[in-house]
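The structure under discussion appears below in the form of structure tokens.
Residue numbers (full-length UniProt numbering): 1 to 126.
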């Protein structure tokens, strides 16, 4: 299974790629750098990827699910309730393509600041 590493500021996440067209597009684009943007409950950043909205796109994600928003070409990492959430759910502002999962702890993402460097690269856990 292919993996990527997403480093945001001091946080590093190891992401298992799913078998989706969006995951293939992201893997083809690595390595790349971006800058973090924050919204309560999520960190997102631009990616040099174009992918149409997939049929199974999600508006509510589970902790550890990594998605790509076609509008704005952004990778989104939800880690807690957002202003759109009902209760404790992680609700995005718009539907997005699920392309990866991580089991890493996401709580440290709350310390990420807008403008922090983001690096996405292939990861080979040898």
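Note that CB positions come from ideal geometry on N, CA and C, so glycine has one too.
Spatial distance of residue i from residue j (CA atoms)
i: residue 103; j: residue 114; result: 24 Å
i: residue 62; j: residue 83; result: 16 Å
i: residue 1; j: residue 16; result: 7 Å
i: residue 106; j: residue 6; result: 12 Å
i: residue 31; j: residue 118; result: 11 Å
i: residue 52; j: residue 125; result: 30 Å
i: residue 94; j: residue 69; result: 8 Å
i: residue 96; j: residue 36; result: 18 Å
i: residue 123; j: residue 14; result: 8 Å
i: residue 64; j: residue 91; result: 13 Å
Check whether residue i and residue j have beta carbons under 8 Å apart
i: residue 26; j: residue 49; result: yes
i: residue 29; j: residue 47; result: yes
i: residue 73; j: residue 20; result: no
i: residue 4; j: residue 86; result: no
i: residue 109; j: residue 43; result: yes
i: residue 9; j: residue 41; result: no
Distance cut-off 7 Å: residue i Cβ against heavy atoms of the ligand ZN
i: residue 33; result: With respect to small molecules bound, the structure shown includes none, and the ligand ZN cannot be examined in it.
Start-end ranges of the alpha helix (DSSP H) lying completely within the UniProt domain "Cyclophilin TM1367-like" (3 to 121), minimum 4 residues: 21 to 29
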